[in-house]
Amino acid sequence: MLIGLLPWAIILGVQGGQKGMSWLEMMLMTGMNFAGGSEFAAVDLWTHPLPILLIAGVTFMINSRHILMGAAYAPYMKNAPMKKVLPSLFFMCDESWALGLAEAQKRKAAGLGGFNFAYYGSTCFIMYTTWILFASIGAAVGPMFGDVAAWGFGMAFPAVFLVIMRGLWKSFSAARPWFVSLIVAAITCLSIDGPWYVPAGALSGLLTAYLLGAQE
């Protein structure tokens, strides 16, 4: 999974470098806003003068899925102190969230209970430092490269998320909210400009899971 993220961290940095971002600016952005999707969107909107409100708005829309991701952790973190929970959620990304949730579900099934902060924290640390490092390197060498889309790394992100889904897969019935989310996100992406497909897919999946759970 980590190997699949490296090309995208470099591509993010290269694109930022070609937009005039320094390696330090890239380091600060990826360190303070640890969410790849919104970072790519911010770099795409990076012009002079900076459209700060537009970048902030788009970032909020894309990162709104973290609200739902945090809610999924609530049953497992409910007895942990906030001074431990809040820093943990700051370093949360899609990959570490999926791994942490899978670990929490395994612990619950085994009757252990609680949230494995050590496992989750080490996962976050590795991904956080690796992402920042390689994105910064990409920004430093960005002006030396041409069109990074020609590198052929476009399959890296989908491959990473396929691995995540495989780890969380239980059955087709349990995965129905995933398919609803996928269809809604795809339709929204094709019909509406902007990153609205992110909250649309997330909310439709959550609503489907709630309705199916109520029926059962």
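For the sequence shown, our numbering begins at 4 and goes up steadily by one. We put the beta carbon where it would ideally sit given N, CA and C, even for glycine. Please read these numbers as outputs of a predicted model, since none were measured by experiment.
query = Does the beta-carbon of F175 have 16 or more other beta-carbons within 10 angstroms, so that it is buried, or is it exposed?
reply = Sixteen is the threshold: since fewer than 16 other Cβ atoms of the shown chains lie within 10 Å of the Cβ of F175, the residue is exposed.
ask   = How big is the Cα-Cα spacing for L115 and A83?
value = If I take the Cα positions, the gap works out to 15 Å.
key: Inter-residue CB distance, L215 and R179 (contact presumed, cutoff 8 Å)   = Going by Cβ atoms, the distance from L215 to R179 rounds to 6 Å, so yes, they are a contact pair.
Three-state class that DSSP yields for L9 in the structure shown = Looking at L9 - three-state DSSP - the assignment turns out to be helix.
Whether F43 touches L15 by CB criterion (9 Å) = Yes; because the gap between Cβ atoms is below 9 Å, this pair is in contact.
ask   = Are the segment 111-129 and the segment 10-28 touching, with three or more C-beta to C-beta distances below 8 Å?
value = Contact between the segment 111-129 and the segment 10-28 is absent, because fewer than three Cβ pairs lie under 8 Å.
query = What are the boundary residues of the alpha helix (DSSP H) that includes C192?
reply = Taken as a continuous stretch (DSSP letters only), the alpha helix (DSSP H) holding C192 covers 179-194.
ask   = Straight-line CA distance for P148 to A107?
value = Per the sequence shown, the amino acid found at residue 148 is Phe instead of Pro. Straight-line Cα distance between these residues: approximately 42 Å.
query = Secondary structure at H69, three-state DSSP: helix, strand or coil?
reply = In the structure shown, H69 falls within a helical segment according to DSSP collapsed to helix, strand and coil.
query = Over what stretch of residues does the alpha helix (DSSP H) that includes L109 continue unbroken?
reply = According to the sequence shown, residue 109 is Lys rather than Leu. Run containing K109: 97-112, per the alpha helix (DSSP H) assignment.
Three-state class that DSSP yields for W134 in the structure shown = Three-state DSSP puts W134 in a helix.
Secondary structure of T126, DSSP reduced to three states = Residue state, collapsed to three classes: helix.
message = I'd like to know if the segment 54-70 and the segment 198-206 are in contact, where contact means that at least 3 CB-CB pairs between them fall below 8 Å.
response = Taking 8 Å as the limit for Cβ pairs, the verdict is that the segment 198-206 does touch the segment 54-70.
query = Who are the near neighbours of W100 in its chain, counting only those whose CB is closer than 6 Å to its CB and skipping five residues on each side?
reply = Only M72 meet the Cβ criterion.
Nearest-angstrom Cα separation, counted from T211 out to Q21 = CA-to-CA, the gap between Q21 and T211 works out to about 41 Å.
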